[in-house]
Amino acid sequence: MDTLACFEDEIVQTLPVKSLEIDCASSASTDGTSGPSTPVSVPDTAVCDVCMDDVDCTNLVARLCRDDCPARLCPTCIAGFLDVRARDAIFGVLTKLPCPVCVTPMNTVRFQLQLDPLFVDASPSAPDETLIESEVEARESGSDAAASWIAAKQAAKASILESLAMYDRKLAGACTMKCPSCHSDHSQLPASSSDPLELPAALELHLPALLDVHRRFCQHEASVTELVAFVDATFSGEDTTDVKQKLLQSTADKERQGALFLRLVQQNPFIQTLCCSVDVCFACQTAGHHHGSECVAGALGRVHDIVACPSCALPLVKGDGCDSVNCFCGAAFNWPKAVLDAKMRQLTTRHKASISALVVAVRRYQMRARFRKHCGKAGWPGSTRR
1 MDTLACFEDE IVQTLPVKSL EIDCASSAST DGTSGPSTPV SVPDTAVCDV CMDDVDCTNL
61 VARLCRDDCP ARLCPTCIAG FLDVRARDAI FGVLTKLPCP VCVTPMNTVR FQLQLDPLFV
121 DASPSAPDET LIESEVEARE SGSDAAASWI AAKQAAKASI LESLAMYDRK LAGACTMKCP
181 SCHSDHSQLP ASSSDPLELP AALELHLPAL LDVHRRFCQH EASVTELVAF VDATFSGEDT
241 TDVKQKLLQS TADKERQGAL FLRLVQQNPF IQTLCCSVDV CFACQTAGHH HGSECVAGAL
301 GRVHDIVACP SCALPLVKGD GCDSVNCFCG AAFNWPKAVL DAKMRQLTTR HKASISALVV
361 AVRRYQMRAR FRKHCGKAGW PGSTRR
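By the count of full-length UniProt numbering, the sequence shown reaches residue 386 at its end, each step adding exactly one.
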């Protein structure tokens, strides 16, 4: 059986060992002459893109959003960047974490992997084998500058971990609801799982394409709409539900996992709470599965033109301004079209069939009117016939 592995686990396995190394100096000569044949000593430092300070290459974080990302930041600037992003994030909104240089969304799992060199234990009791070479040299020197540098790195590490935890808590708020059994607020995002997804033999041929679209989704190269549409078009019945749940569990990036979860509950808001396994409707945040009756959220939207963001499902109300709307999560869409789509989704099957028949009749009338008008201009006989 082929299996579906977590995309973030794939990053860990495929990330080159030297992916964190930075080209601090070039061996090419600047005076037009060929360089010496023997190795030369070059300073092992580089410039931080934010503070412009010279920093030891072993303490610079590089390649944040992709392999060719030009970003190079020191621990202090990384800590400051994350602190601002975490504090500015709105609780309950799926805010993407952008690259500080490329300003493109980052996969947070890859980002934390790139931060691993900063998470080295710098406590005085730590054995030397857990330290990077530059930190060992700084300890052995015993200078005030070395002590200050180690203290700054420890402070940056603590700030980074605190900011990442705050960021994850705010993201989880988008998928949180109060359980009607224990009356506590719990996130409905499942824990990440490494259990493989086994597909029937007839469906195994779709696994490579599924892995590819999931990878692109985790890298912010494919939208959640594209991912769900692929699953719906490729699989059917219980296979579709199983694949979607496995994809949800296989997505370790909290923002990506939350986006997929909210899209799935848009299709089917009836779930069970993870804490007490109680039936609830996530859309209207009430107990029970009210099959056959409209959600409270849908009724309010029909009256007040409340539209859910097509990306993160955040309920939005438009005030003044143009029809081009940007959600907090960064998604952009046309407001009148979104309102019309929301109202069309609220129609019953009978209403949709009637409207479709009316649209077909109107289109036929328009085509006949255009044909008669064309015949009249051409002077064809019978062109005035009704």
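Idealized CB from N, CA, C, for every residue including glycine. All figures in this text were calculated on a predicted structure; none of them were measured in a lab.
Spatial neighbours of residue i in its chain, beta-carbon cut-off 6 Å, leaving aside the 5 residues before and after
i	result
Val317	Ile306
Asn268	none
Trp335	Lys318, Asp323 and Val325
Pro315	Ile306 and Ala308
Lys178	Asp185
Val228	Arg263
Ser193	Gln249
residue 396	Any property of residue 396 remains undetermined from this structure, which presents the chain solely from 1 to 386.
Gln285	Met177
Glu129	Caution applies to Glu129, whose pLDDT of 41 falls short of 50 and renders its modelled position unreliable; the model cannot decide the point.
Own chain residues within Cβ distance below 8 Å of residue i, not counting five before or after
i	result
Thr176	Gly92, Asp185, His186, Ser187 and Gln188
Asp253	Glu8, Asn107, Thr108, Val109 and Cys218
Leu206	This sequence places His at residue 206; Leu is not what is there. Cβ within range, chain order: Leu199, Thr234 and Phe235.
Val231	Leu210, Thr240, Val243, Lys244 and Leu247
Ala353	none
Chain-order list of residues whose beta-carbon lies under 7 Å from that of residue i (same chain, five-residue window excluded)
i	result
Pro180	Val278, Val280 and Ala287
Ser293	none
Cys182	Cys275 and Cys276
Arg216	Ala222
Phe333	Pro310 and Val325
Leu358	none
Ala152	Thr76
Cys327	Cys309, Ser311, Cys312, Leu314 and Leu316
Cys99	Leu64, Cys65, Cys69, Ala71 and Met106
9 Å Cβ cutoff met for residue i and residue j
i	j	result
His290	Asn107	no
Val55	Cys74	yes
Leu213	Glu226	In the sequence as presented, Leu is not what sits at residue 213; that position holds Val. Yes, Cβ-Cβ distance for Val213 and Glu226 is below 9 Å.
Pro190	Leu274	yes
Phe235	Leu203	yes
Leu164	Leu82	yes
Ile160	Ile78	yes
Asp65	Pro105	Looking at the sequence itself, residue 65 is Cys, so the reference to Asp does not match. The answer is yes: Cβ separation under 9 Å.
Presumed contact (8 Å Cβ cut-off) between residue i and residue j, rounded CB distance
i	j	result
Cys329	Cys309	6 Å
Ala89	Lys170	5 Å
Leu97	Arg87	The Cβ separation is near 13 Å, so there is no contact.
Gln266	Ala313	6 Å
Ala174	Leu94	5 Å
Ala156	Thr76	5 Å
Ala338	Ser311	Not quite, the Cβ-Cβ distance comes to about 11 Å (not below 8 Å), so this is no contact.
Environment of residue i [buried if 16+ CB atoms lie within 10 Å]
i	result
Val224	buried
Glu255	buried
residue 462	No information on residue 462 is available, as it lies outside the stretch 1 to 386 that the chain covers here.
Val103	exposed
Ala62	buried
Gly321	exposed
Ser250	buried
Gln114	buried
Met367	exposed
Ser167	The sequence given here has Tyr at residue 167, not Ser. It is buried - the Cβ of Tyr167 has at least 16 other Cβ atoms within 10 Å.
Gly237	exposed
Ser356	exposed
Ala172	buried
Leu264	buried
Lys373	exposed
Phe371	exposed
Gly376	exposed
Val360	exposed
Val362	exposed
Cys51	exposed
Gly80	buried
Residue i beta carbon near the ligand ATP (any heavy atom closer than 8 Å)
i	result
Val55	Of the ligands one can find in the structure shown there are none, so the ligand ATP has no counterpart to examine.
Those runs of the beta strand (DSSP E) which lie wholly inside the stretch 263-349 and span at least 3 residues: 270-272, 279-281, 324-326 and 332-334
Which full runs of the alpha helix (DSSP H) of 4+ residues lie inside the stretch 202-267, going along the chain? 207-218, 224-234, 238-249 and 254-267
At which residue ranges does the stretch 82-121 contain complete alpha helix (DSSP H) runs of 4 or more residues, listed in the order of the chain? 108-114
Which parts of the stretch 47-79 are runs of the beta strand (DSSP E), unbroken and 3 residues or longer, counting only runs that do not cross its ends? 54-56
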